[in-house]
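Asker: Counting in the UniProt record's numbering, the sequence shown runs without a single skipped number right up to 540 at its last residue. Okay, handing you the structure first.
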Amino acid sequence: MYKIGFIKKDIYNLECSVNGKLRNHDVELVTEYFMAEQKKNEAFYFKIEGDGHDRFSRCFWADATSRRAYGFYGDVVVFDTTFNTNRYDLTFAPMLGVNNHGQTIVLACAFLSKETTESFVWMFEEFKKAMPGGEPKTIITDQDAAMAIAISIAFPTTFHRLCIWHITSKFSVKLPRDAYNEYWREFQKAIWDTDNKDEFDAKWNIVVTKAGLTDHPWLSSMFDLRESWVPAYARQFFAAGMSSSQRAEGSHGFFKQYISRRNSLMDFIIRFERALSHQSEKELVADHVDAFEVAQCLLPMPMNKQMATLYTRTMFQKFEQELIESTACFLELKTEDACKVVFNVSERKNWETRVAEVVYVKDSDHASCSCQRFEFVGIICKHILALFRRDQIEYMPEKYILKRWKKTAKCGLVSDANGKEIKDCADPGLLIKRSTMSRLASDVVEDALMSEEGCEVLSETLKSLQVKLKLLKDGPSNNEVGGSSSQTQYMKDPKRVRCKGRSKGVTGAKEKAMKRGIRHCRECGHIGHDRRQCPALNTP
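The structure is reproduced here in structure tokens:
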């Protein structure tokens with residue numbers, strides 16, 4: 001240790017020195033970084049805009065990997081903003097998706113100085129320009145008025161689902177304490193344990209009436225919005241099994257292990273890319289497992305073995321659980337005509353009998369269930385599986401196998417709006433070239449270190465080579481991608497902003513007194529005197 005020529009303080013001083021030199025050049029560095037990434041792969045998309053005074057206001061970016069991922073998994077998007085990620089207090093707004101392993105993936109990112117409807121519309125429009133395949137089927141967000149208006153403008157055909165967790169967590173705050181303690185369980189049953197819209201409406205009205213909250217403004221507003229968050233209404237729309245934006249909250253927690261509010265924009269992007277690489281490793285591991293291993297089947301049935309070879313490991317386990325539970329379902333004929341058969345499928349769960357209704361169209365292998373699990377999750381439910389087992393249908397019909405859950409979900413070409421293929425890497429042999437040149441450079445350095453003359457020759461040669469490469473790098477080039485040209489004029493760094501999501505904090509009486517200059521006692525905690533005059537100490 002005594003041979004180390006610096007200490008921790010020296011590292012801190014160096015960091016401060018570097019940050020000082022880079023101050024007021026943050027946006028310039030970010031722009032150059034984006035342009036370099038675009039030069040490596042023209043499928044890299046970005047847009048930077050100012051505030052009208054030549055100062056950075058907002059930016060959006062999406063790399064080729066994310067754009068390709070949207071082509072495969074763009075049916076559901078989770079959107080939530082987060083704070084304390086950079087020194088300017090800009091709002092970080094990632095748009096997230098779910099891959100075929102059920103893992104969270106990043107589809108695009110943005111920095112916004114304002115959380116207004118206009119800012120969100122701008123971001124969503126850039127998202128539409130960058131992404132292939134049109135609008136998502138479903139977008140999940142928290143309850144934000146500006147965001148809701150922007151989604152209705154930018155994504156008119158997309159179902160906007162509100163995060164059920166954010167809404168249910170407000171019951172304890174919005175309701176009177178006694179009413180919450182007495183009726184919260186009944187509200188939960190009305191929300192989660194209803195199979196259709198009419199049943200939910202009836203149970204909700206009964207609980208509200210019993211609690212004497214028929215005129216409660218917040219409950220009334222939530223009931224008016226029930227189509228956006230109540231499962232009985234929203235499960236008809238595909239959402240990959242998600243009913244909340246908790247996936248985004250978890251993603252924010254993961255990324256904040258790598259970033260902090262002290263980061264510049266350039267620091268943030270470097271650290272964020274490092275976090276993304278760690279996240280992508282998990283996807284690669286899951287891909288490897290699916291490519292070389294076949295899941296063990298608990299039930300030796302042809303359909304189970306079929307799905308083990310088609311689904312990813314995570315999705316197969318969910319399917320197999322439905323298949324196992326289908327053995328406990330009992331079918332009872334309800335009605336029948338020339339075209340279809342309707343069954344009541346009952347099951348015992350938590351000491352209660354639950355009944356689902358399955359409609360089976362004759363001569364077509366088409367069935368639909370009132371639980372709407374297939375519509376919501378994309379995996380067929382136990383009720384329909386019970387019907388298939390009764391009718392001895394041994395193999396799953398193709399219509400019930402979604403490609404997005406298959407091992408081969410990422411197979412195929414993805415093209416942008418201009419019909420140009422989006423590739424992960426512009427040059428497939430780039431890694432091979434890098435490896436070859438790295439070995440050559442290492443051998444050259446080892447040979448040069450054998451003598452002082454060799455070191456001088458190599459040093460002079462490298463300096464000359466560096467000048468030539470810089471001339472090649474700075475030569476004229478066309479950086480237009482997707483109809484959006486790269487930035488050529490650098491903007492000023494952004495000013496520090498306060499976003500509406502940031503808490504202003506609660507100031508107590510002591511803090512207020514200190515700000516006004518009023519004395520406060522450190523002994524008893526009261527204001528109006530100090531410790532020398534405290535009655536508690538001066539009492540005989």
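Even glycine gets a Cβ: it sits at the ideal position worked out from N, Cα and C.
Let me make sure I understand the geometry here. Which of Phe-376, Cys-381, Phe-388 has the alpha-carbon closest to that of Lys-362?
Answerer: Numbered from its first residue, the sequence shown carries residue 362 at position 362. Nearest of Phe-376, Cys-381, Phe-388 to Lys-362, Cα basis: Phe-388.
Asker: Have a look at Thr-309 and Asp-493 and give me their C-alpha separation to the nearest angstrom.
Answerer: The sequence position of residue 309 within the sequence shown is 309, counting from 1. The sequence position of residue 493 within the sequence shown is 493, counting from 1. The alpha-carbon atoms of Thr-309 and Asp-493 are separated by roughly 53 Å.
Asker: Return yes when the Cβ of Met-491 is within less than 8 Å of the Cβ of Phe-56, no when it is not.
Answerer: The residue given as residue 56 occupies position 56 in the sequence shown. The residue given as residue 491 occupies position 491 in the sequence shown. For the pair Phe-56 and Met-491, the CB atoms are nearer than the 8 Å cut-off.
Asker: In whole angstroms, give me the CA-to-CA distance for Ala-509 and His-526.
Answerer: Reading the sequence shown from its first residue, position 509 is the one you call residue 509. Reading the sequence shown from its first residue, position 526 is the one you call residue 526. Unreliable positioning characterises Ala-509 in this predicted model, as indicated by a pLDDT of 46, which lies under 50. The coordinate reading is nonetheless provided below. Ala-509 and His-526: Cα-Cα distance of roughly 9 Å.
Asker: Throw me the rounded Cβ distance for the His-160 and Ser-221 pair, which I believe falls under 8 Å.
Answerer: The count along the sequence shown starts at 1 and reaches residue 160 at position 160. The count along the sequence shown starts at 1 and reaches residue 221 at position 221. Incorrect: roughly 16 Å between the Cβ atoms, too far for contact.
Asker: Rounded to a whole number of angstroms, what is the C-alpha to C-alpha distance between Asn-418 and Tyr-45?
Answerer: By one-based count along the sequence shown, residue 418 stands at place 418. By one-based count along the sequence shown, residue 45 stands at place 45. When the Cα atoms are used, Asn-418 and Tyr-45 turn out to be separated by approximately 14 Å.
Asker: Counting along the chain, where does the beta strand (DSSP E) carrying Leu-96 start and finish?
Answerer: Against the sequence shown, residue 96 aligns to sequence position 96. It spans 95-98 - the beta strand (DSSP E) in which Leu-96 sits, taken as one unbroken run.
Asker: What do you get for Ser-464, buried or exposed, if any count of 16 or more other CB atoms within 10 angstroms of its CB means buried?
Answerer: Start at 1 with the first residue of the sequence shown, and residue 464 comes out as number 464. By the neighbour-count rule (16 or more Cβ atoms within 10 Å), Ser-464 is not buried but exposed.
Asker: Using three-state DSSP, classify His-166 as helix, strand or coil.
Answerer: Taking the first residue of the sequence shown as 1, we reach residue 166 at position 166. His-166: helix per DSSP, three-state reduction.
Asker: Between Phe-223 and Trp-192, is the Cβ-Cβ spacing less than 8 Å?
Answerer: Walking along the sequence shown from the start, residue 223 turns up at place 223. Walking along the sequence shown from the start, residue 192 turns up at place 192. Contact flag unset, no.
Asker: With a threshold of 16 other CB atoms inside 10 Å of the CB of Gly-52, please say whether the residue is buried or exposed.
Answerer: Residue mapping note: residue 52 aligns to position 52 of the sequence shown, counting from 1. So Gly-52 counts as exposed.
Asker: For Gly-366, which of helix, strand or coil comes out of DSSP?
Answerer: Locating residue 366 in the sequence shown gives position 366, where the first residue counts as 1. It should be noted that the sequence gives His, not Gly, for residue 366. Of the three classes helix, strand and coil, the one that applies to His-366 here is strand, per DSSP.
Asker: Quick one: using the 10 Å Cβ neighbour count with 16 as the cut-off for buried, is Tyr-395 buried or exposed?
Answerer: As a working note, residue 395 is residue 395 in the sequence shown. Classification of Tyr-395: exposed, given that the 10 Å Cβ count is below 16.
Asker: Tell me the DSSP bridge mates of Tyr-45?
Answerer: By 1-based counting over the sequence shown, the position of residue 45 is 45. DSSP, once it has assigned bridges, lists Ala-62 as partnering Tyr-45.
Asker: For Ala-240, which residues of its own chain have a beta-carbon under 6 Å away from its beta-carbon, when the five flanking residues on both sides are left out?
Answerer: If you number the sequence shown from 1, residue 240 lands on position 240. Here the set comprises Val-76, Val-98.
Asker: Nearest to Leu-112 by alpha carbon, out of Leu-96, Asp-80, Lys-420?
Answerer: Position 112 of the sequence shown, counting from 1, holds the residue named residue 112. Comparing Cα-Cα distances from Leu-112 to each of Leu-96, Asp-80, Lys-420, the minimum goes to Asp-80.
Asker: Starting from Phe-124, follow the alpha helix (DSSP H) in both directions and report where the run begins and ends.
Answerer: The count along the sequence shown starts at 1 and reaches residue 124 at position 124. Note, Phe-124: alpha helix (DSSP H), 117-130.
Asker: Cβ atoms of Leu-298 and Ala-386: under 8 Å apart, would you say?
Answerer: Mapped onto the sequence shown, residue 386 falls at position 386. Mapped onto the sequence shown, residue 298 falls at position 298. Not in contact: Ala-386 and Leu-298 (Cβ atoms no closer than 8 Å).
Asker: Inspect the beta-carbon positions of Met-147 and Thr-141 and report whether they are closer than 8 Å.
Answerer: Taking the sequence shown and counting its residues from 1, the one referred to as residue 147 is at position 147. Taking the sequence shown and counting its residues from 1, the one referred to as residue 141 is at position 141. Taking 8 Å as the Cβ cut-off, Met-147 and Thr-141 qualify as a contacting pair.
Asker: Do you know whose CA, among Val-358, Thr-327, Ser-326, lies nearest Ser-341's CA?
Answerer: Position 341 of the sequence shown, counting from 1, holds the residue named residue 341. The sequence as given places Val at residue 341; Ser does not occur at that position. Among Val-358, Thr-327, Ser-326, the Cα nearest to that of Val-341 belongs to Val-358.
Asker: Take Tyr-258 as the anchor and find which of Ile-393, Val-467, Asn-86, Leu-90 has the nearest alpha-carbon.
Answerer: As a working mapping, residue 258 is identified with position 258 in the sequence shown. Selected option, being the one with the closest Cα: Asn-86.
Asker: Can you find at least 3 beta carbon pairs, one from the segment 58-72 and one from the segment 95-109, that sit closer than 8 Å?
Answerer: yes
Asker: I'd like the ranges of any alpha helix (DSSP H) spanning at least 4 consecutive residues and lying wholly in the segment 208-280.
Answerer: Scanning the segment 208-280 for uninterrupted alpha helix (DSSP H) segments of 4 residues or longer gives 217-224, 231-234, 246-255, listed from N- to C-terminal end.
Asker: Would Phe-255 and Glu-375 qualify as a contact pair, given that the criterion is a beta-carbon distance under 8 Å?
Answerer: On the sequence shown, residue 255 is found 255 positions in, with the first residue counted as 1. On the sequence shown, residue 375 is found 375 positions in, with the first residue counted as 1. Cβ distance not < 8 Å, so Phe-255 and Glu-375 don't count as in contact.
Asker: Can you list, in chain order, the stretches of the beta strand (DSSP E) that have 3 or more residues and sit fully within the segment 361-443?
Answerer: With a minimum length of 3 residues, the continuous beta strand (DSSP E) runs that stay inside the segment 361-443 are 366-369.
Asker: Quick one: Cα of Gly-250 to Cα of Ser-435, how far?
Answerer: Taking the sequence shown and counting its residues from 1, the one referred to as residue 250 is at position 250. Taking the sequence shown and counting its residues from 1, the one referred to as residue 435 is at position 435. Roughly 36 Å separates the two Cα atoms.
Asker: Where does Val-457 sit, in a helix, a strand or coil, going by DSSP?
Answerer: Walking along the sequence shown from the start, residue 457 turns up at place 457. DSSP places Val-457 in helix when its eight states are reduced to three.
Asker: Taking only the alpha-carbon atoms, compute the straight-line gap between Leu-402 and Ile-380 and give it to the nearest angstrom.
Answerer: For the purposes of this step, residue 402 is taken as residue 402 along the sequence shown, with counting starting at 1. For the purposes of this step, residue 380 is taken as residue 380 along the sequence shown, with counting starting at 1. When rounded, the distance between both Cα atoms is 10 Å.
Asker: Which two residues bound the contiguous beta strand (DSSP E) that contains Ala-295?
Answerer: On the sequence shown, position 295 is the one that residue 295 refers to. Counting along the chain, Ala-295 falls outside any beta strand (DSSP E), and DSSP gives it neither H nor E.
Asker: Bridge partners of Tyr-311, per DSSP?
Answerer: Position 311 of the sequence shown, counted from the first residue, corresponds to residue 311. Answer is Lys-406, bridged to Tyr-311.
Asker: Helix, strand or coil for Arg-23 per DSSP?
Answerer: By one-based count along the sequence shown, residue 23 stands at place 23. Of the three classes helix, strand and coil, the one that applies to Arg-23 here is coil, per DSSP.
Asker: May I ask you to report which of helix, strand or coil DSSP gives Ser-17?
Answerer: Taking the sequence shown and counting its residues from 1, one reaches residue 17 at position 17. Helix at Ser-17.
Asker: What residues match up with His-160 in a beta bridge as DSSP calls it?
Answerer: In the sequence shown, the residue the question calls residue 160 occupies position 160. For His-160, which the question treats as bridged, DSSP gives the partners Ile-139.
Asker: Helix, strand or coil: which one does DSSP assign to Asn-344?
Answerer: Numbered from its first residue, the sequence shown carries residue 344 at position 344. Correct three-state label for Asn-344: strand.
Asker: In this structure, how does DSSP classify Ser-172 when only helix, strand and coil are distinguished?
Answerer: In the sequence shown, the residue the question calls residue 172 occupies position 172. Ser-172: helix per DSSP, three-state reduction.
Asker: Exposed or buried, what is Ala-367 when buried is set at 16 or more other beta-carbons lying within 10 Å of its beta-carbon?
Answerer: Numbered from 1 along the sequence shown, position 367 holds the residue referred to as residue 367. Classification of Ala-367: buried, given that the 10 Å Cβ count is 16 or more.
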